[in-house]
Amino acid sequence: EKFLNFPYATHYVQKREFDFATGVGSASYLPEEFSGLKDFSKLVWLEEDQGQIGSNIFYELTSAHSAFHQVFWIKSGDETLFFGGDDAPQLQQMKSKFVAKYDFDGKKCMALRQSWWEKGQAENWTFLFYHDINSPAFRPGAGS
């Protein structure tokens, strides 16, 4: 098997996004960087629009930033971590209303951000923002 950073971990991959990324004409991806993953023995394809991994991780296909983009919730007791990936990559994007031209469906992406932000505030979620060096994790009302 090709070298992976986490060779003993099970890798969960959105099948439709992978197929798109390894297809012809996908300028946003470098297929050679992950093409070996498809033959990895501990690969699990995510093929449903929504689902669950184990008892604590939930995912949902949004088709907002990209055609097959998905977001994740990690839940344990009364704690919820939300990872919106490129649909919700920075704290400031959650606080403002805008349509980004780089999104597959910018209006949907904007509406989802607003919905998640409102629900997350009401339910005290912790948001994870991997494109935000100033606020990579943020819980509304926690003084962060």
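Heads up: the sequence shown begins at 402 in the working numbering, then just goes up one per residue.
We put the beta carbon where it would ideally sit given N, CA and C, even for glycine.
Treat the numbers as computed from the prediction; the structure is a model and nothing was measured.
Ala538 - DSSP class collapsed to helix/strand/coil: The answer is strand: DSSP assigns Ala538 an E or B state.
Under 8 angstroms between C-beta atoms of Phe528 and Gly521: Closer than 8 angstroms, so yes.
Length-filtered (3 minimum) beta strand (DSSP E) runs lying within the segment 442-525: List check, beta strand (DSSP E) in window: 444-447, 451-454, 458-462, 471-477, 480-484.
Cutoff 7 angstroms; reference Met511; Cβ partners in own chain excluding five residues on either side: Excluding residues up to 5 positions away in sequence, Lys498, Phe499, Val500 lie with their Cβ nearer than 7 angstroms to the Cβ of Met511 in the same chain.
Best match in Gln491, Glu519, Gly478 for proximity to Ala538 [C-alpha to C-alpha]: Ranking Gln491, Glu519, Gly478 by Cα distance to Ala538 puts Gln491 first.
Length of the line joining the Cα atoms of Ala543 and Gln451: A direct Cα-Cα distance of roughly 30 angstroms separates Ala543 from Gln451.
Where Phe435 sits in the DSSP three-state scheme: It is coil, neither helix nor strand.
For Met495 and Ala523, the rounded distance between their alpha carbons: Ala523 and Met495: Cα-Cα distance of roughly 14 angstroms.
Coarse secondary structure for Phe407, derived from DSSP in three states: Correct three-state label for Phe407: coil.
Contacting residues, own chain, Cβ-Cβ under 7 angstroms from Gly485 (five flanking each side not counted): Closer than 7 angstroms at the Cβ level, and outside the excluded window around Gly485, lie Val472, Trp517.
Terminal residues of the beta strand (DSSP E) in which Phe530 lies: Note, Phe530: premise wrong, no beta strand (DSSP E); not H, not E.
Start-to-end residues for the beta strand (DSSP E) that takes in Val425: For Val425, no beta strand (DSSP E) run applies, since DSSP gives it neither H nor E.
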